[in-house]
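Trainee: Mind having a look at this structure? Questions to follow.
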Amino acid sequence: MTDNILQSAESPKRSFLDRLRIETFLTRLEWHLEGAVTGKVRRATARELREALTSDPRGTATAIEDLGPPRVLAHQYSEQGSRRPLWSIGIVAAGLTLLVYWTAFLSFVFGMLAVVDSGASGEAYATFFFVDVTAYSTADTFGIWWAGGWAWIIVPFVLCVISFLLAARSWRIATARRSSV
């Protein structure tokens with residue numbers, strides 16, 4: 092029984108909300124650390140802080156508040172002047188760009204279909220970023236069709252690559268190599 096009391100005093104059981112706060116804080120910290128340290132160091136730092144926060148006898152909110160904002164803490168962990176590309180942010184940006192592109196494209200296509208279907212039988216033709224779109228409606232059926240050769244895949248790919256490179260700040264590769272030489 093004494094061992095149980097000592098164990099609970101050493102590492103209190105955290106509620107779901109406290110564990111969520113800890114994971115949110117560590118995720119934000121890792122995002123800020125990504126541009127400054129290697130992945131191995133980033134994971135080791137997060138693991139160490141997770142263990143420290145879960146075993147802290149004070150409340151979770153107090154322990155996290157004492158650490159300060161994730162950006163400031165990440166700056167303290169990072170090596171001065173060492174900047175690296177932010178690959179995960181680039182991947183998220185590329186994914187969001189793809190989502191926005193396909194949402195806009197499908198809104199355009201279904202908007203054309205709604206216009207054609209609301210009136211008398213007919214067809215409509217339009218172009219969306221080099222992709223030819225056709226919407227048709229007859230008394231028996233309605234539909235959409237698009238064709239653009241390779242444009243339907245190249246345009247979203249190029250948009251994703253551009254957003255990835257900008258969000259990841261990939262030009263840091265050149266500056267990191269120059270500073271390490």
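Residue numbering for the sequence shown follows our numbering, beginning at 92 and increasing consecutively.
Cβ atoms here follow ideal geometry from the backbone N, Cα and C, with glycine treated the same way.
Let's see if you can read the secondary structure: which residues bound the alpha helix (DSSP H) around Gly210?
Mentor: Counting along the chain, Gly210 falls outside any alpha helix (DSSP H), and DSSP gives it neither H nor E.
Trainee: List the endpoints of the continuous alpha helix (DSSP H) containing Phe248.
Mentor: Residues Ala242 to Ala259.
Trainee: Could you give the distance in angstroms between the alpha-carbon of Tyr216 and the alpha-carbon of Ala185?
Mentor: Their Cα atoms are separated by approximately 29 Å.
Trainee: Tell me the residue span of the alpha helix (DSSP H) that contains Ala127.
Mentor: Per DSSP, Ala127 belongs to no alpha helix (DSSP H) and is neither H nor E.
Trainee: Could you tell me which residues DSSP puts in a beta bridge with Val206?
Mentor: Answer by DSSP bridge pairing: none, since Val206 is not bridged.
Trainee: With Asp223 as the anchor, note down where its beta strand (DSSP E) starts and where it stops.
Mentor: Looking at the DSSP string, the run of the beta strand (DSSP E) that includes Asp223 is Val222 to Ser228.
Trainee: Taking 8 Å as the CB-CB cut-off, is Gln167 touching chain B?
Mentor: Absence of chain B from the displayed structure is noted, only one protein chain being present.
Trainee: Confirm, please, whether the CB-CB distance from Arg141 to Leu117 is below 8 Å.
Mentor: Going by C-beta atoms, Leu117 is nearer than 8 Å to Arg141.
Trainee: Going by beta carbon distance, what residues of the same chain come within less than 8 Å of Leu189, once the five residues before and after it are set aside?
Mentor: So the qualifying residues of the chain are Pro247, Leu250 and Cys251.
Trainee: Using DSSP with H/G/I as helix, E/B as strand and the rest coil, what is Thr118?
Mentor: Reduced to three states, the DSSP call for Thr118 is helix.
Trainee: Three-state secondary structure (DSSP) at Gly239?
Mentor: Gly239 falls in the coil class under three-state DSSP.
Trainee: Pull the bridge partners of Phe233 from the DSSP assignment, please.
Mentor: Paired residues: Ser228.
Trainee: Just the Cα atoms here: how many angstroms apart are Thr194 and Ala143?
Mentor: Near 43 Å, if we compare the C-alpha coordinates of Ala143 and Thr194.
Trainee: Please report the Cβ distance between Ala154 and Leu120, rounded to the nearest whole angstrom; I am assuming they are in contact, meaning their Cβ atoms lie under 8 Å.
Mentor: At roughly 13 Å, the Cβ-Cβ gap does not stay under 8 Å, so Ala154 and Leu120 are not in contact.
Trainee: Measure from the alpha carbon of Phe201 to the alpha carbon of each residue in Leu187, Phe221 and Trp237, then state which is nearest.
Mentor: Answer by Cα proximity: Trp237.
Trainee: Around the Cβ of Glu214, are there at least 16 other Cβ atoms within 10 angstroms (buried) or fewer (exposed)?
Mentor: So Glu214 ends up on the exposed side.
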